[in-house]
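One structure below.
And the structure:
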């Protein structure tokens, strides 16, 4: 028998840790009374993910600028050593 693997969400883990029975009922398709809280949590995590991705892009751009500046400084220093 082959089981399909699926990702476990943070809210699913939270439900299981809070109450095993609630997790089981959710898996059976019964509606949760925490639907609004989960929706708010999902929105929060999506906005946080967007902020983290933007921060990573900014960090990468800053590193590229530093590398370019260091290369320019090395070029100018080497050029000044060659010019009498």
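Numbering (this note's numbering), first residue to last: 1 to 84. Every residue, glycine too, gets a C-beta built ideally from N, C-alpha and C. The model shown is predicted, which means the values in this text are computed figures rather than measured ones.
Residue i, buried or exposed, once every other Cβ within 10 Å from all chains shown has been counted against 16
i          : result
residue 15 : buried
C-beta atoms of residue i and residue j nearer than 9 Å
i          : j          : result
residue 80 : residue 42 : no
residue 40 : residue 32 : no
Please list the segments of the beta strand (DSSP E) lying wholly inside the segment 9-84, counting only runs of 3 or more residues, in order along the chain. none
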